[in-house]
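Visitor: Let me give you the structure first, and then I'll get to my questions.
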Amino acid sequence: MVKTSDELALMRQSGRLLASVFEMLDTLQLAGMSTLQVDALVDRFITEDLAARPASKGQYGFKHVLNCSINDVVCHGVPDAAAIVRDGDIVNFDITLEKNGFIADSSKTYLVGNASPVAKRLVRVAQEAMWKGIREVRPGAHLGDIGYAIERHAKKNGYSVVREYCGHGIGREMHEEPQVLNHGRPGTGVRLREGMVFTIEPMVNQGTRRVRTADDGWTVLTHDGKLSAQFEHTVAVTATGVEVLTLRRDERLVA
């Protein structure tokens, strides 16, 4: 759970590499691409350009490099040649990367072309909710502080937070302890210590927080068919607060 300074240095490298994957995706014109095409691009970029390993490929029997979740898909969307990203969609790409034995995990929801004001607002609030949670991270704080900040921001804006899926510890394994819930009560849960590394990844729904799983056994959708947006970063607890290991260049002013 707690990483040494040497382990943190390696996780920092994995995080920087993963951030560069999203910076590559930022340059794409996603409309008209299939999610399988995006998966192949990310696979090549991680393995050939970054000399790293896509950690999700083969994990739990999953065959692909990334999850791609369009519109009412909450998470775990499976890349498919028939799933075409269209103008006006929102699409989340959730990607993991392993380098030198340590894994980083991050996701971003993209607004494709002429997305509606409703979609833009949801995506903005989901990203804000993630940052609300990240800003609670410091030694002595509790995991409940993070979840409370996330859900409070979502609810204040008229949205709900999915409870079935959450953040997690991360390091040599993709999923380590502790679980990092997107809801909670202040002052409850695990007390944070310097050197802990985990993900914060709220999934914010336009309507009900209830979800259902598709027949493929992977794809999780909103129960009411309304939109869902997600953002995720891998973070480390520092002596004075928090370091976002997967921070992208376009987020530095936000952080």
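For the sequence shown, UniProt numbering assigns the number 1 to the initial residue and increments by one for each residue that follows.
Positions of the beta carbon are idealized from the N, C-alpha and C atoms, including for glycine.
Who are the Cβ neighbours of E232 in its own chain at under 6 Å, not counting the five residues just before and after it?
Guide: The answer, listed in chain order, is S106, S107, T199, E201.
Visitor: Relative to the alpha-carbon of Q179, which residue among H142, G77, Y159 has its alpha-carbon at the smallest distance?
Guide: Answer by Cα proximity: H142.
Visitor: Is the distance from the Cβ of T238 to the Cβ of L245 below 8 Å?
Guide: no
Visitor: Decide if A51 is buried, meaning its Cβ has at least 16 other Cβ atoms within 10 Å, or exposed.
Guide: exposed
Visitor: The beta strand (DSSP E) with L22 in it runs from where to where?
Guide: With the sequence shown as reference, residue 22 is identified as Phe, and Leu is not the correct amino acid for it. That residue, F22, is in no beta strand (DSSP E); its alpha helix (DSSP H) goes 5-25.
Visitor: Kindly confirm or deny that the region 36-52 and the region 150-162 touch, where touching means at least three C-beta pairs closer than 8 Å.
Guide: no
Visitor: Compute the distance between the beta-carbons of H223 and T208, then report whether it is under 8 Å.
Guide: Cβ atoms of H223 and T208: closer than 8 Å.
Visitor: How many Å lie between V204 and N67 at the Cα?
Guide: 17 Å
Visitor: Mapping DSSP to helix, strand and coil, what is M174?
Guide: coil
Visitor: Using C-beta distances below 7 Å, list every residue in its chain close to K226, excluding the 5 sequence neighbours before and after it, in chain order.
Guide: D72, N205, Q206, G207
Visitor: For F198, write down the residues that DSSP places opposite it in a beta bridge.
Guide: G169, V235
Visitor: My guess is that H168 and E176 are in contact by the Cβ rule of under 8 Å, so how many angstroms apart are they, rounded?
Guide: With 8 Å as the limit, H168 and E176 qualify as a contact, their Cβ atoms being about 7 Å apart.
Visitor: Does the distance from the CB of I90 to the CB of M174 come in under 8 Å?
Guide: no
Visitor: Which residue comes first and which comes last in the beta strand (DSSP E) that contains R212?
Guide: Per DSSP, R212 is one residue of the beta strand (DSSP E) stretching across 211-213.
Visitor: Assuming L97 and I46 make a contact with CB atoms under 8 Å, what is their CB distance in whole Å?
Guide: 6 Å
Visitor: Closest to residue 285 by C-alpha separation, out of V2, E48, A31, T4, would be which residue?
Guide: Residue 285 lies beyond the range of the chain shown here (1 to 255); nothing can be said about it.
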